[in-house]
Amino acid sequence: MQQSRDELLRAYRVMRLVREFDERLHVEFATGEIPGFVHLYAGEEAVAAGVCAHLGDRDHIASTHRGHGHCIAKGCDVDGMMAEIYGKATGICGGKGGSMHIADLDRGMMGANGIVGAGTALVCGAALSAKTLGTGAVAVAFTGDGGSNQGTVFEAMNLASVWKLPAIFVFENNGYGEATASSWSLAGGDIVRRAAAFAMPGHQVDGNDYFAVWEVMRQATERAREGEGPSLIECRMKRYYGHFEGDTQAYRAKDEVATLRAEVDCLMRFRERVTAAGLLGAAELDAIDSDARARVDSAVKAAKAAPTPPASALMTDVYVSY
Amino acid sequence: MQQSRDELLRAYRVMRLVREFDERLHVEFATGEIPGFVHLYAGEEAVAAGVCAHLGDRDHIASTHRGHGHCIAKGCDVDGMMAEIYGKATGICGGKGGSMHIADLDRGMMGANGIVGAGTALVCGAALSAKTLGTGAVAVAFTGDGGSNQGTVFEAMNLASVWKLPAIFVFENNGYGEATASSWSLAGGDIVRRAAAFAMPGHQVDGNDYFAVWEVMRQATERAREGEGPSLIECRMKRYYGHFEGDTQAYRAKDEVATLRAEVDCLMRFRERVTAAGLLGAAELDAIDSDARARVDSAVKAAKAAPTPPASALMTDVYVSY
Amino acid sequence: MPAKSFRTAINEALKQEMERDSRVVIIGEDVAGGRGGSAGLEEAWGGPFGMTRGLTTQFGAARVLDTPISESAFVGAAAGAAMTGLRPVAEIMFVDFTGVCFDQIMNQIAKIRYMFGGKAKLPLVLRMLYGAGFRAGSQHSQCLYPIFTHLPGLKVVIPSNAYDAKGLLITAIRDDDPVLFFEHKAMLGARAEVPDEAYAIPFGKANIVRAGGDVSIVAIGRMVQMAVRAADALAKDGIAAEIIDPRTTSPLDRDAILTSIKKTGRLVVVDEASPRCNMATDIAALAASEAWHDLKAPVKMVSPPHTPVPFAAPLEDLYIPNAEKIVAAAKATLQ
Amino acid sequence: MPAKSFRTAINEALKQEMERDSRVVIIGEDVAGGRGGSAGLEEAWGGPFGMTRGLTTQFGAARVLDTPISESAFVGAAAGAAMTGLRPVAEIMFVDFTGVCFDQIMNQIAKIRYMFGGKAKLPLVLRMLYGAGFRAGSQHSQCLYPIFTHLPGLKVVIPSNAYDAKGLLITAIRDDDPVLFFEHKAMLGARAEVPDEAYAIPFGKANIVRAGGDVSIVAIGRMVQMAVRAADALAKDGIAAEIIDPRTTSPLDRDAILTSIKKTGRLVVVDEASPRCNMATDIAALAASEAWHDLKAPVKMVSPPHTPVPFAAPLEDLYIPNAEKIVAAAKATLQ
Ligand SMILES: Cc1ncc(C[n+]2csc(CCOP(=O)(O)OP(=O)(O)O)c2C)c(N)n1
Ligand SMILES: Cc1ncc(C[n+]2csc(CCOP(=O)(O)OP(=O)(O)O)c2C)c(N)n1
Ligand SMILES: [Mg+2]
Ligand SMILES: [Mg+2]
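Protein chains in written order, with this note's numbering: chain U, 81 to 402; chain X, 81 to 402; chain R, 6 to 340; chain H, 6 to 340.
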């Protein structure tokens, strides 16, 4: 199906912003100023962009520990995200969550998650709300190849199918769970084969190809909104950085990432395709690139300058009452 | 494949003993003398017998809350089982476990289990021991249709496949999990479809047909012993009694069980087949019937007469030290 | 006032709150029962123990949701639904089964609001049966409420009678925080006077079951019954026991306990949960730190031994705290 | 004696026990690392935090088993393997992840021996990181050992330094009961003198870190460091604190604690775990019931507030008990 110029521009803007955001975090993390665990999404942007292109604020997503891309694609404020990662009072969660717990329910973003696979169950709930309240919304769970082996994920897929929920299970098979290859940890070597086990349609796509992701997600969303139940989508691509910042990646061939960047990079391929087809011009894409760089730069500056949370914040938000 | 006269006699003896055991429990439970929850296996005997026919003491099984049939088929002492169900000191677990926790590791019986699905993980461990210690043994997990929807079960199947364990996952799809039909709770309506999700062979058989169960189990055991990895077997039949003793079974059609007993009963069909083929004579089968009745009767008498555990038993077996 | 069973009280609370608020939905295994069954009934069970009976017939299957046996998925679904506009009441049947959905309770439900800086609200209730005495064996007889009391972000409610059960469940359903609601399996038939209309009992307010000046007995859930029997026996010996039923362990009514100790100077805590890090130690520690100057004798804790719950009846009876043990403990504080 | 890090001490204990007993196997996520990776290495990580480094190279992949991210399956597998002849040491990485395998620990591992009337033995160890201070957020910073101490059938070990870590882990591996072994993520680099040879430290025997006659300070795990700092500060004011490190919370060395209270008459308990039903309340309750006549002042408990662990550094620092709070508590007992 055809996408409008605006849709294409938005897609590129999202992918570039995610890339800038995480490439910059990689640099900033090395300075030691960023606390805790940070997992970078660079290399997987086409998935977040292709999936979220079909979603609005009323639709929900549940993300993972590697969630920056999902957050940005779902519309979370970049300044608030950056400040959260720095643990500042101006953070999207007031500095109490950090990179692994960025959330914004106003944008339908149910949270990154420090527990792999857990989001699939939360998404069944969001889909149940949509179905029960008749909002016509859909709910999407992002899960990694490693997380796909969590019991909760299988339970959630079966439940979504039995309850015929407007839920979509997007698996980001980026080749590794920590230092273990998905070709080893997944019996049979892929995730899409599990769709049939739960009687739902399964799609496997090249996660470096925005257009391929966008198309299968279009079908899955249509099916969900029409009340026909859940779908499974397996996207295959690889992350550009280590499992977390600091990972030496001894498990990867030296040239693996360089080759990926040179041959299958999602931004490069998107740009080639839309310019070759004359859908978008190089100039406007360049403008987006520099705009993204500027936005991330100001977000980092603002985050560094922002105040830390007041001591009183320790004792709030435990319950509604305090 | 052909079974010897002895194998056939043993199979019938096991099935009849299980039937007598649980039919008698049904009667005794009504008297109020039996404490706690009791789940009867009657109607599913061909599965326990057909599966365990391929196993020896070195092979392990993990059972369910509906475990009497598995225990007897695996060689647990009937007197000890009955005494355990009555909570007596002479019970196979000293009266500390009850019907839901009958176990006998000397017979390779890793325990009935009050948590559905939990045994599948334990069985991965027994299979790992067999593989690591090179005993050539296999390990079998029994799970119900309802229990098959537990996350642990999926995790265990994937792990067994990734580790290439000599494990066999036997699913007893007896039509219901409590008051819910498996046709409703299983996405797609069956369990065998899940085998492909974990890259293992899947078999679906009539659980009323001892010979059908025996044959697929023969293949699965051979594969496991040859180090080729796990298999999945779905057996379909129905239980003759309620979920637990006391269940009014409002969810079942009035005549459902009567029809089953009249048309597909595993003992009836076994008898017809072996006598028609002239493999066994009616007289020797009758002898087994009365022998089984006598054994169960003496087990019940002994259990009723047996002493309860001494107060001191409360504080032992928590740790090896006390 | 009509006398009703604990079971009926729970059922009434669910029914009345579902009538009052269409966002309240029930989720659990066989809460309706009969899905796909050959009898073709819309409601074949109404819950494994009948607590949800009649709700499917009245409110329909869209608000009374049966589930596969997948606690992690449906408890997580209850959380996700609570975050997005519904007010789910999920039934976990036996609290022992929280083992298979513990992450969703401990790491998701209890922490989401805090991690998100207050941006999320999780109005949900998890109902479950707990306790020994049913000859149900080690995996179906635990209390476990100390574990949930330990976890910040959760509220823990343990009614000791049918009247409290209805009022506390109504409060739980109207509360905007996640609530774990404990129902003792040996108390489902216990009757008390229960008003027909809806009423709410506040969290964090203990019930002084009986006033007395000689010794304070704090008892949790079913143990309140045992404490009352003990108090009767003590009364015969001229000892006036004050019985305090906290009703909720998180939040805990510290003031009520401290006030009573100030009056009596003596404390016995009765807890059916395993003895290490349980509510008895929690309350005894409160006394040791906040009421030390009021105490006239060592605090006595009456709890089961540090063992799983045994199956055999005589062993299980030995395991469960009873009136005799409470009487002995109370007298020890008066030595 | 050579000074070694906590990490090295753990690694040595694993290595030496694997050399000693071929039934000892390691199970966990990336305990080797690199399975199927494009670098084709047999061991790419040696554990997410390097505790199992070198073991695959020395003992081979058959005894160092990487797993899919399926804790429930591999912890259950460790239990099943322990029941059938192996002695598994499984690594759960962060104790917070026990949420996804809690049933296997609570209902299977802890209860099997008892339910089976002593017919089964489960010689297995579950190793995991715990504790705050790493800016790891609410789901990667919990202690949770009070929950496992609460559960009968489990043994709980919490070493406070590298020397104890090696000796206690060796005891854990040789023990025939299931042991949960806690390693504080902020202490992995902490060094102490650790003998090269294997040695075993018994369970249930507390370590008197420092003798003193004025106040008893019982501290758990990393909190022992804080207690030592506090004792130094107190010494400057002429207050002699006795520091007791229980080393294991289940079993707990009650005698060592009661003996110290008899001497000092004053008790401070320092516990990094959430404050309700935690080890501080467990030990304070012990004192209130068994040492009441020896106590000269209210017991003081130093624990974090009843909140999840916050991410922001200043909030997390505020959350964690520290020397200042311990000093204030100790002085309060001397008022
Ligand atoms: C239940 C659970 N187990 C283990 C971990 C530790 N952990 C965090 S991320 C990760 C790898 C996840 O791999 P994958 O799902 O493929 O996501 P990716 O990092 O590749 O995006 C692991 C094991 C966790 N967070 N939760
Ligand atoms: C984790 C867990 N959830 C719920 C239960 C309660 N329960 C006991 S048996 C049962 C039904 C099991 O159905 P199935 O697995 O088909 O076995 P069957 O009873 O049909 O033999 C349920 C829900 C349990 N024991 N464990
Ligand atoms: Mg991955
Ligand atoms: Mg069934």
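Heads up, the beta-carbon is just placed ideally off N, CA and C, and yes, glycines get one too. Note that the structure is a prediction, hence the values are computed from the model and not measured.
Contact test: residue i Cβ vs ligand 1 heavy atom, cutoff 8 angstroms
{"i": "Glu252 (chain U)", "result": "yes"}
{"i": "Val196 (chain U)", "result": "yes"}
{"i": "Arg146 (chain U)", "result": "yes"}
Residue i: CB within 8 angstroms of a non-hydrogen atom of ligand 4
{"i": "Ser262 (chain X)", "result": "yes"}
{"i": "Tyr135 (chain R)", "result": "no"}
{"i": "Tyr256 (chain X)", "result": "yes"}
Residue i beta carbon near ligand 3 (any heavy atom closer than 8 angstroms)
{"i": "Asp225 (chain U)", "result": "yes"}
{"i": "Gly287 (chain U)", "result": "no"}
Beta carbon of residue i nearer than 9 angstroms to that of residue j
{"i": "Pro390 (chain U)", "j": "Lys168 (chain U)", "result": "no"}
{"i": "Gly46 (chain U)", "j": "Val272 (chain U)", "result": "In the structure displayed, chain U extends from 81 to 402; residue 46 (chain U) sits before or after that span and is not available."}
{"i": "Pro309 (chain H)", "j": "His311 (chain R)", "result": "no"}
{"i": "Arg375 (chain X)", "j": "Leu365 (chain X)", "result": "no"}
{"i": "Gln144 (chain H)", "j": "Asn112 (chain R)", "result": "yes"}
{"i": "Ala37 (chain H)", "j": "Leu60 (chain H)", "result": "yes"}
{"i": "Asp35 (chain R)", "j": "Ala49 (chain R)", "result": "yes"}
{"i": "Met237 (chain U)", "j": "Phe278 (chain U)", "result": "yes"}
{"i": "His155 (chain R)", "j": "Cys282 (chain R)", "result": "yes"}
{"i": "Lys336 (chain R)", "j": "Leu239 (chain R)", "result": "yes"}
{"i": "Phe249 (chain X)", "j": "Thr215 (chain X)", "result": "no"}
{"i": "Phe102 (chain R)", "j": "Met56 (chain R)", "result": "no"}
Contacts around residue i, its chain only, beta-carbon distance under 6 angstroms, and the 5 residues preceding and following it disregarded
{"i": "Pro319 (chain H)", "result": "none"}
{"i": "Ala240 (chain U)", "result": "Cys204, Ala247, Pro310"}
{"i": "Lys154 (chain X)", "result": "Cys132, Ile141, Arg187, Met189"}
Partner residues on chain U for residue i, Cβ-Cβ distance less than 9 angstroms
{"i": "Trp264 (chain X)", "result": "Val242"}
8 angstroms Cβ cut-off: residues of chain R touching residue i
{"i": "Glu336 (chain X)", "result": "Ser43"}
{"i": "Asp139 (chain U)", "result": "Neighbours of Asp139 (chain U) on chain R: none; closest Cβ ~11 angstroms, over 8 angstroms."}
Assumed close pair residue i, residue j - CB separation to whole angstroms, cut-off 8 angstroms
{"i": "Ile355 (chain H)", "j": "Phe139 (chain H)", "result": "Not covered by the structure: residue 355 (chain H). The range shown for chain H is 6 to 340."}
{"i": "Val98 (chain U)", "j": "Gly149 (chain U)", "result": "4 angstroms"}
{"i": "Glu47 (chain H)", "j": "Thr62 (chain H)", "result": "7 angstroms"}
{"i": "Tyr119 (chain R)", "j": "Lys176 (chain U)", "result": "6 angstroms"}
{"i": "Glu314 (chain X)", "j": "Asn253 (chain X)", "result": "6 angstroms"}
{"i": "Ile31 (chain H)", "j": "Leu174 (chain H)", "result": "Incorrect: roughly 12 angstroms between the Cβ atoms, too far for contact."}
{"i": "Ala167 (chain H)", "j": "Val314 (chain H)", "result": "24 angstroms between Cβ atoms; not a contact."}
Contact test: residue i Cβ vs ligand 2 heavy atom, cutoff 8 angstroms
{"i": "Thr254 (chain H)", "result": "no"}
{"i": "Ser143 (chain X)", "result": "no"}
Closer than 8 angstroms at the beta carbon, the chain U residues around residue i
{"i": "Gln109 (chain R)", "result": "Ala198, Ala201, Thr232"}
{"i": "Asp35 (chain H)", "result": "Glu258, Ala259, Thr260"}
{"i": "Gln144 (chain H)", "result": "Met180, His181, Asn193, Gly194, Ile195"}
{"i": "Gly268 (chain X)", "result": "Ser241, Ala276, Ala277, Phe278, Ala279"}
Within chain X, partners of residue i - CB distance below 7 angstroms
{"i": "Gly316 (chain U)", "result": "Checking the sequence shown, residue 316 (chain U) turns out to be Arg, not Gly. Here the premise fails: no neighbours, minimum Cβ distance about 17 angstroms."}
{"i": "Arg303 (chain U)", "result": "Under the 7 angstroms cutoff, chain X gives no residues; its nearest Cβ is about 15 angstroms from Arg303 (chain U)."}
Proximal residues to residue i (C-beta, below 7 angstroms), its chain only, five neighbours per side dropped
{"i": "Arg96 (chain X)", "result": "Leu347, Ile368, Asp369, Ala372"}
{"i": "Lys318 (chain U)", "result": "Gly123, Asn254, Gly255, Leu340"}
Contacts that residue i makes with chain X (C-beta to C-beta distance below 9 angstroms)
{"i": "His235 (chain U)", "result": "A quick correction: the sequence has Glu, not His, at residue 235 (chain U). Chain X residues near Glu235 (chain U): Asn229, Gln230, Gly231, Phe234."}
Interface partners of residue i on chain U, CB under 7 angstroms
{"i": "Asn238 (chain X)", "result": "Asn229, Ala267"}
Under 7 angstroms from the C-beta of residue i: neighbouring residues of chain R
{"i": "Asn283 (chain H)", "result": "His155, Cys282"}
Residue i: contacting residues in chain X (beta-carbon distance under 8 angstroms)
{"i": "Ser75 (chain R)", "result": "Asn229, Gln230, Gly231"}
Own chain, CB closer than 8 angstroms to residue i, minus 5 neighbours either side, in chain order
{"i": "Gly269 (chain U)", "result": "Ser262, Ser263"}
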